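K.L.:
Chain order of the listed sequences is A and B. To convert, take the position in the first sequence, counting from 1, and add 801; that gives our numbering. To convert, take the position in the second sequence, counting from 1, and add 9; that gives our numbering. Structure provided below as structure tokens; questions to follow.
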Amino acid sequence: MSAYKRIFFLFLWCCFFSWGNVQAESILTPFVDSPVYSKKFSDLSSREQAKVKLHGIRSTMLHPKFWGTLQREKTYNVRITPMKRYFLRASESPTYRPNRLHCQFRFAPVDRAKILKSPHEFDPLFEIGFGVDPTSGKEKGYGLRVSAYPLLPSALLKIENSRSSVLAAAHPPSLGAYQTYTLDVEFSNSRLLARLNGADFLDVPLEGPKNGMISLISSWHPVYISDLEIHGTVIEGGQEISRVDSGLLFQERGEK
Amino acid sequence: MTKFLLAAIFFIVLFFSGRVTFQKYALSRRSILCLEGAFYFSCVLTFGILHFDFSSLPVSTVFLCLLTFLSGGLVAFEKSFRAPAFVGLAVFLALICSVESFLTSLPKDVLPREISSPPSLYSDRLDRAASVYRTKGFRGRKPESESANGALRIFAMGGSSTWGVPLVSPRETYPAVLQTLASERRPGEKIEVYNAGLAGMGIMQVLDSISETILRFNPHIITVSLWYNDSSRQSIWYGIPGRSDRDVYLSERVLKKIARFPILNRFFQSRIYGGLRYLLLQGKTVFQGAKPAVPTERREIAENPRRMSPEEYRWALEQVAILGEKKNFLPVFVFEPLNRTSTREDSLKENEYYLAMKQVAEKYQVPLVDTLTPFHERMGDWLFYDLVHPNPSGHRLMAEILYDFLFSPEKIGPKGVKILREVGIFPEDSKEYPLRK
């Protein structure tokens, strides 16, 4: 066999295998390991810090190794921070089942008068999605809206084709934008139980909240999530393995 | 214009008060005229230094030169002084020519850069949008020819929210989705939708682009959806802080015309002009202190005027409506929605730009698309990436609203129906679209 033919067959072989990889690609944007994620945040240059800040919900940086956005929602990230839905990479596996979510957060301080004057700018709320199927054109799932925005109360939402409808209202419906809260959500097979600062927040019978992906999205108003733990299980090699994910950049690296 | 009038009044008052003062001392007529000339010239110079920003505003320089020539002309108007004035002018011109040739003979690095190569009289500020459209730089679909060839041509004009920032795919933007909806729902009808949005564009650029380039492509409908950029306090398009887009547009348009004369253009490229400008700039710095060309501090930005005040925005919208009547296209105004859109009533109460758009639409009977109500109804959904840029769901909603509006005879109005009928949409005998009389 001549050298040209060998090169040609080698090329074909490469194409075949790379095609196979493309077919198996994730629906989320791939994680490209960069040295900026291995350095301490305070050691990064301002440009590097800005780059790191771009990946995450408003004012909460997420580690791209654990959280990713949809490939079809690829955007230019120059100068603006898009309000995008971030998906937990682990939950992309069809065998992944969330059990419990623990989260500590606070909103940037803002008073009610300011919110009512500029509702487009001061909208303190974020949404934890679960059971999400992000297939294009058939998006569905559930969302737990946690809100200090008087115009949109906290609630459990049903999401279908980017439209949300309220399934159950939470108590209290609106939080304050000044204090830190602890949210605990328990996913069981037939119900969803959420507790805020230890008190009942939401208790709803829900079929199949475990099937689908976990997502996180915040609005333009900054939310600071200081602690995040998502407990779940995944089946690997026929065995059910428990795992705890955070994906908060500082938490993953033990920084404050 | 106000500045010009004020300057003219200032000059006239100085002229007469000066004359009375000099006549008091019973000097000879010639001496009075010489003193007057020198006095007015220095007044004009001081006025110019104090009131105009030469670094970014060549029109002020033109204005100053005009005033200088006027003061010289007034002196030469006196019969007894005419002959010496002409001699003096000739000597002056010869002096200018010799100084210019001397300055030109000097090596470039000897003189400051501002003198050796002064900025051109007319920058291409006004042509930025037009040059994009001239090369058919529309996002996504591009017109095959300038002629519409029997198709209904819709041009969607607006800022970054129309262009589709920060979307990578142009297919997700509302003009592209509108095109898809039209092709799917109205098969057999030739409908072309073009995305003529440009990031950072304001209403003045829309107005200019329509008359300069968009009309070449024979549009039937032009949708105008923008106000957010106009309300900005940062001069992101023309780059001249402290002046509104309309001011810059009107003055630059004059310069554009002046720059067509080669002699004038040559003068403004000369080193003597560069030197004069340099001296004036130095004088200004002495009087007012150095100011950065573009303010970066938040406080400085907050002090800036808006790119277009609501009144100026209203004026520009009126010009678009008038242009539509003259050039036989249908302008359609579209409210540019915001993240978590308020109710229509609240938005109109809070936002003067929305109100201006509504009032102009009513005055000139321009169709107005209410995007506020449908966006408000979906306030709880994620439709935006930030304050003003819609995400694909937001663009989809926008396209649905536009489609329902443009192809509904009751909403688009009689003029719209007439235009659509010309291209075979809404035929006269159609029972599907009965018109209310």
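The beta-carbon is built from N, C-alpha and C at its ideal position, and this holds for glycine as well. Values in this document were obtained by computation on a predicted structure and should not be read as measured data.
1. Determine which residues of the region 997–1019 of chain A have a Cβ less than 7 Å from any Cβ of chain C, and write them out in chain order.
2. For the beta strand (DSSP E) holding Tyr943 of chain A, just list the boundary residues, first then last.
3. Could you check if Tyr979 of chain A is buried or exposed, using at least 16 other CB atoms within 10 Å of its CB as the buried criterion?
4. Please name the residue, chosen from B:Met407, B:Thr189, B:Pro383 and B:Val432, that lies closest to Thr352 of chain B on a Cα-to-Cα basis.
5. Only counting the same chain, and skipping five residues up and downstream in sequence, which positions put a Cβ closer than 6 Å to that of Ser860 of chain A?
6. Could you give the distance in angstroms between the alpha-carbon of Ser955 of chain A and the alpha-carbon of Gly944 of chain A?
7. Per DSSP, Thr232 of chain B is paired with what?
8. Hey, does Ser170 of chain B have any beta-carbon neighbour from chain A nearer than 8 Å?
9. Report, in whole angstroms, the separation of the C-beta atoms of Pro883 of chain A and Phe832 of chain A, which I expect to be a contact under 8 Å.
10. Examine chain B for any beta-carbon lying closer than 8 Å to the beta-carbon of Ser965 of chain A, and answer yes or no.
11. What is the DSSP secondary structure of Pro319 of chain B, counted as helix, strand or coil?
12. In chain B, what lies closer than 9 Å to Pro920 of chain A by C-beta?
13. Report the residues of the region 942–973 of chain A with a CB closer than 9 Å to any CB of chain B, ordered along the chain.
14. Below 7 Å on C-beta distance, what does Leu3 of chain B contact in chain A?
15. My output table needs one value for Asn204 of chain B: the three-state DSSP class, helix, strand or coil.
16. Of the choices A:Gln850, A:Ser847 and A:Trp868, whose alpha-carbon is the least far from that of Gly857 of chain A?
17. Considering only residues of the same chain and omitting the five flanking positions on each side of Arg890 of chain A, which have a CB-CB separation below 7 Å?
18. At least one CB of chain A closer than 8 Å to the CB of Ser402 of chain B: is that the case?
19. Checking contacts by CB at 8 Å: is Phe393 of chain B closer than that to chain A?
20. Drop a sphere of 10 angstroms on the beta-carbon of Asn204 of chain B, count the other beta-carbons inside from all chains shown, and report buried for 16 or more, exposed for fewer.
21. Could you have a look at Asn900 of chain A and say whether DSSP puts it in helix, strand or coil?
22. Alpha carbon to alpha carbon, what distance is there between Leu190 of chain B and Gly167 of chain B?
23. Can you find at least 3 beta carbon pairs, one from the region 360–375 of chain B and one from the region 389–401 of chain B, that sit closer than 8 Å?
24. Going by CA-CA distance only, name the one from B:Thr232, B:Asp413, B:Val369 and B:Lys265 that's closest to Glu321 of chain B.
25. Quick check: what's the CA-CA separation for Pro899 of chain A versus His1032 of chain A?
26. Can a CB atom of chain A be found closer than 8 Å to the CB of Lys372 of chain B?
27. For Ser64 of chain B, which three-state DSSP category applies?
28. Straight-line CA distance for Trp820 of chain A to Ser827 of chain A?
29. Counting beta carbon pairs with one atom in the region 994–1011 of chain A and one in the region 919–927 of chain A, are three or more of them shorter than 8 Å?
30. How would you write the range of the beta strand (DSSP E) that Phe1060 of chain A sits in, first residue to last?
31. Quick one: what's got a C-beta closer than 7 Å to Tyr897 of chain A's C-beta in the same chain, skipping five residues either side?
32. By the three-class DSSP mapping on this structure, what secondary structure does Ile828 of chain A have?
33. Quick one: Cα of Met210 of chain B to Cα of Phe342 of chain B, how far?
34. Just to confirm, is the Cβ distance from Ala325 of chain B to Arg262 of chain B under 8 Å?
P.N.:
The short version:
1. Annotation note: the requested chain C is absent from the structure, which comprises protein chains A and B.
2. For the purposes of this step, residue 943 of chain A is taken as the residue at position 142 of the first sequence. Its beta strand (DSSP E) spans residues Lys941 to Ser948.
3. In the first sequence, residue 979 of chain A corresponds to position 178, counting from 1. With fewer than 16 other CB atoms across the displayed protein chains lying within 10 angstroms of its CB, Tyr979 of chain A is exposed.
4. The residue labelled residue 352 of chain B in the question sits at position 343 within the second sequence. Comparing Cα positions, the closest option is B:Pro383.
5. Stepping through the first sequence from its first residue, residue 860 of chain A is reached at position 59. Excluding residues within five positions, the ones whose Cβ falls inside 6 Å are Pro1023 and Tyr1025.
6. The sequence position of residue 955 of chain A within the first sequence is 154, counting from 1. The sequence position of residue 944 of chain A within the first sequence is 143, counting from 1. Rounded to the nearest angstrom, the two C-alpha atoms are 10 Å apart.
7. By one-based count along the second sequence, residue 232 of chain B stands at place 223. Beta-bridge partners of Thr232 of chain B (DSSP): B:Ala165 and B:Val341.
8. Reading the second sequence from its first residue, position 161 is the one you call residue 170 of chain B. It does not; no Cβ of chain A falls within 8 Å.
9. Position 82 of the first sequence, counting from 1, holds the residue named residue 883 of chain A. Position 31 of the first sequence, counting from 1, holds the residue named residue 832 of chain A. That pair is no contact at about 18 Å.
10. By 1-based counting over the first sequence, the position of residue 965 of chain A is 164. The beta carbon of Ser965 of chain A falls within 8 Å of a beta carbon belonging to chain B, placing the residue at that interface.
11. Residue 319 of chain B sits at position 310 when you count from the first residue of the second sequence. Residue state, collapsed to three classes: helix.
12. Residue numbering aside, residue 920 of chain A sits at position 119 when the first sequence is read from its first letter. Chain-ordered, the chain B residues with CB closer than 9 Å to the CB of Pro920 of chain A read Leu347, Asn348, Arg349, Thr350, Ser351, Asp355 and Met388.
13. Flagged, chain order: Arg946, Tyr950, Leu952, Leu953, Ala956, Leu958, Ile960, Asn962, Ser963, Arg964, Ser965, Ser966 and Val967.
14. Outside the shown range of chain B (10 to 446) lies residue 3 of chain B, about which nothing can therefore be said.
15. Counted from its first residue, the second sequence places residue 204 of chain B at position 195. In the structure shown, Asn204 of chain B adopts extended strand secondary structure according to DSSP, grouped into three states.
16. The count along the first sequence starts at 1 and reaches residue 857 of chain A at position 56. Distances from the CA of Gly857 of chain A to each of A:Gln850, A:Ser847 and A:Trp868 were compared; the closest alpha carbon is that of A:Trp868.
17. Along the first sequence, read from residue 1 onward, the residue named residue 890 of chain A stands at position 89. Correct list, in chain order: Leu829, Phe867, Trp868 and Gly869.
18. In the second sequence, counting from the first residue as 1, residue 402 of chain B sits at position 393. By this cut-off, Ser402 of chain B is an interface position.
19. The residue given as residue 393 of chain B occupies position 384 in the second sequence. The Cβ of Phe393 of chain B sits closer than 8 Å to at least one Cβ of chain A.
20. As a first step, residue 204 of chain B is located in the second sequence; it is residue number 195 there, counting from the start. By the neighbour-count rule (16 or more Cβ atoms within 10 Å), Asn204 of chain B is buried.
21. Counting from one through the first sequence, the residue named residue 900 of chain A turns up at place 99. The three-state reading of DSSP puts Asn900 of chain A in strand, counting E and B together.
22. Residue 167 of chain B sits at position 158 when you count from the first residue of the second sequence. Residue 190 of chain B sits at position 181 when you count from the first residue of the second sequence. Between Gly167 of chain B and Leu190 of chain B, the C-alpha separation is close to 20 Å.
23. No, they do not touch.
24. Stepping through the second sequence from its first residue, residue 321 of chain B is reached at position 312. Measuring from the Cα of Glu321 of chain B, the nearest candidate turns out to be B:Val369.
25. Residue numbering aside, residue 899 of chain A sits at position 98 when the first sequence is read from its first letter. Residue numbering aside, residue 1032 of chain A sits at position 231 when the first sequence is read from its first letter. For Pro899 of chain A and His1032 of chain A, the distance between alpha carbons rounds to 6 Å.
26. Looking up residue 372 of chain B in the second sequence gives position 363. It does not: the Cβ of Lys372 of chain B has no partner Cβ on chain A nearer than 8 Å.
27. Translated into the one-based positions of the second sequence, residue 64 of chain B becomes position 55. At Ser64 of chain B, the pLDDT of 41 sits below 50, so the modelled position is not reliable; the number obtained from the coordinates is stated separately. Here DSSP, grouped into helix, strand and coil, assigns Ser64 of chain B to coil.
28. The residue given as residue 820 of chain A occupies position 19 in the first sequence. The residue given as residue 827 of chain A occupies position 26 in the first sequence. Residue placement at Trp820 of chain A is poorly supported in this model, since its pLDDT is 47, which falls under 50; the coordinates still yield a value, given next. Cα-Cα distance, rounded: 14 Å.
29. Between the region 919–927 of chain A and the region 994–1011 of chain A, the count of Cβ pairs shorter than 8 Å is below three; the stretches do not touch.
30. This structure leaves residue 1060 of chain A out entirely; chain A is present only between 802 and 1057.
31. Locating residue 897 of chain A in the first sequence gives position 96, counting from the first residue. Its chain contains Ala891, Gly1033 and Val1035 as the residues whose beta carbon lies nearer than 7 Å to that of Tyr897 of chain A, once the 5 sequence neighbours on both sides are disregarded; these appear in chain order.
32. To locate residue 828 of chain A, count along the first sequence from 1; it is residue 27. Looking at Ile828 of chain A - three-state DSSP - the assignment turns out to be coil, as it is neither helix nor strand.
33. For this step, residue 210 of chain B is matched to residue 201 along the second sequence. For this step, residue 342 of chain B is matched to residue 333 along the second sequence. Those two C-alpha atoms are separated by around 15 Å.
34. For the purposes of this step, residue 325 of chain B is identified with residue 316 of the second sequence, where counting begins at 1. For the purposes of this step, residue 262 of chain B is identified with residue 253 of the second sequence, where counting begins at 1. The beta carbons of Ala325 of chain B and Arg262 of chain B sit no closer together than 8 Å.
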